[in-house]
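Residue numbers (this note's numbering): -14 to 200.
The C-beta atom is built at its ideal place from N, Cα and C for all residues, glycine as well.
The block underneath contains the structure these notes are about, expressed in structure tokens.
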């Protein structure tokens, strides 16, 4: 009887060791994946920020750039689902001026977040417009453009491209506009709402400022 009890205890000890080892290995794997995910998240947030920066600081009065979004961050066998929020807000590191915060967050057990800030110059330099499938919205303090590159996020359509366009009214002291679009079209050529031939851009950045439908 004593031998049988000892055998049972030995089996339980082995099972406990196996489960404990599996838990440790799983935790180590998650830590490694989180590190890799953090790098990918930072690269993605930096990529969007760089595109916005190219547009803002381009010597051209009118400029357009695009950024392609991946459906999942390339981490692990299935990738990491994620979302991006572009927020119009006051940035502390810009002397209290408005700017954009590009924040990326994972939507899986692999935790990784990244964010980048970019200032927009002196107050009122740009009228910022967020464009999504639901329409065009003038950004106010705290306004957010939510990008959903990973399919099936809360039933929302998949974001495929970020379109950034700046243009200026062709008049002395005319307004400057910065448009940022969440485009869900399958091809980049179909993302034509923000092109220099579109009706809104022609009116707002043409020779007749009164024709612009944006306040």
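Inset, instruction - Using 10 angstroms around the beta-carbon of residue 182, count the other beta-carbons present and answer buried if the total reaches 16, otherwise exposed. - result: For this step, residue 182 is matched to residue 197 along the chain shown. Exposed is the call here.
Inset, instruction - Tell whether a beta-carbon distance below 7 angstroms holds between residue 102 and residue 82. - result: Here residue 102 refers to the residue found at position 117 of the chain shown. Here residue 82 refers to the residue found at position 97 of the chain shown. Cβ distance not < 7 angstroms, so residue 102 and residue 82 don't count as in contact.
Inset, instruction - Check the C-beta distance from residue 167 over to residue 116 and give it rounded, since I have them as a contact under 8 angstroms. - result: Walking along the chain shown from the start, residue 167 turns up at place 182. Walking along the chain shown from the start, residue 116 turns up at place 131. About 7 angstroms; that satisfies the 8 angstroms criterion.
Inset, instruction - Give the range of the alpha helix (DSSP H) segment to which residue 184 is assigned. - result: To locate residue 184, count along the chain shown from 1; it is residue 199. Residues 184 to 189.
Inset, instruction - Using the Cα positions of residue 15 and residue 63, report the straight-line distance between them to the nearest angstrom. - result: Residue 15 sits at position 30 when you count from the first residue of the chain shown. Residue 63 sits at position 78 when you count from the first residue of the chain shown. No answer about residue 15 holds up, because its pLDDT of 45 lies below 50 and its placement is not dependable.
Inset, instruction - Return helix, strand or coil for residue 124, following the three-state DSSP convention. - result: Position 139 of the chain shown, counting from 1, holds the residue named residue 124. The answer is coil: DSSP assigns residue 124 none of H, G, I, E or B.
Legend entry - The beta strand (DSSP E) enclosing residue 50, as first and last residue numbers: Translated into positions along the chain shown, residue 50 becomes position 65. Run containing residue 50: 48 to 53, per the beta strand (DSSP E) assignment.
Inset, instruction - State the Cα-Cα distance for the pair residue 97 and residue 90, rounded to the nearest angstrom. - result: Within the chain shown, residue 97 is the residue found at index 112, counting from 1. Within the chain shown, residue 90 is the residue found at index 105, counting from 1. Straight-line Cα distance between these residues: approximately 6 angstroms.
Inset, instruction - With DSSP collapsed to three states, give me the class of residue 25. - result: Position 40 of the chain shown, counted from the first residue, corresponds to residue 25. Residue 25: helix per DSSP, three-state reduction.
Inset, instruction - Give the C-beta separation of residue 191 and residue 155 to the nearest angstrom, bearing in mind that I take them to be a contact with Cβ-Cβ under 8 angstroms. - result: Numbered from its first residue, the chain shown carries residue 191 at position 206. Numbered from its first residue, the chain shown carries residue 155 at position 170. Between residue 155 and residue 191 the Cβ distance is about 6 angstroms, and since that is below 8 angstroms, they are a contact.
Legend entry - Within 7 angstroms, strictly: CB atoms of residue 176 and residue 189: Start at 1 with the first residue of the chain shown, and residue 176 comes out as number 191. Start at 1 with the first residue of the chain shown, and residue 189 comes out as number 204. Not a contact, by the Cβ cut-off of 7 angstroms.
Inset, instruction - For residue 199, count neighbouring Cβ atoms within 10 angstroms of its own Cβ and tell me buried if that reaches 16, exposed if not. - result: On the chain shown, position 214 is the one that residue 199 refers to. Counting Cβ neighbours within 10 Å, residue 199 comes out exposed, since fewer than 16 surround it.
Legend entry - Contact check, residue 76 vs residue 106, beta carbons under 7 angstroms: Position 91 of the chain shown holds residue 76. Position 121 of the chain shown holds residue 106. No, these two residues do not count as a Cβ contact at 7 angstroms.
Legend entry - Same chain only: Cβ atoms within 7 angstroms of residue 28, ignoring 5 sequence neighbours per side: Within the chain shown, numbered from 1, the residue matching residue 28 stands at position 43. Nothing listed; no residue qualifies.
Inset, instruction - Assign residue 119 to one of two classes, buried (16 or more other C-beta atoms within 10 Å of its C-beta) or exposed (fewer than that). - result: The residue you call residue 119 lines up with position 134 of the chain shown. The residue is exposed, with fewer than 16 neighbouring Cβ atoms inside 10 Å.
Inset, instruction - Taking residue 74 as the reference, give the member of 60, 112 and 149 with the closest Cα. - result: Here residue 74 corresponds to residue number 89 of the chain shown, with the count starting at 1. The residue with the shortest Cα to Cα distance from residue 74 is 112.
Inset, instruction - Give the single residue among 153, 157, 30 and 22 whose Cα lies nearest to the Cα of residue 53. - result: Mapped onto the chain shown, residue 53 falls at position 68. Per the Cα distances, 30.
Inset, instruction - Please report how far the alpha carbon of residue 160 lies from the alpha carbon of residue 127, in whole angstroms. - result: In the chain shown, counting from the first residue as 1, residue 160 sits at position 175. In the chain shown, counting from the first residue as 1, residue 127 sits at position 142. Straight-line Cα distance between these residues: approximately 21 angstroms.
Legend entry - Boundaries of the beta strand (DSSP E) in which residue 66 is found, first to last residue: Taking the first residue of the chain shown as position 1, residue 66 is located at position 81. Run containing residue 66: none; DSSP gives neither H nor E here.
Inset, instruction - Please name the residue or residues paired with residue 162 in a DSSP beta bridge. - result: Taking the chain shown and counting its residues from 1, the one referred to as residue 162 is at position 177. Partner(s): 112 and 152.
Legend entry - Residue span of the beta strand (DSSP E) that contains residue 145, given as start and end: As a working mapping, residue 145 is identified with position 160 in the chain shown. No beta strand (DSSP E) holds residue 145; DSSP gives it neither H nor E.
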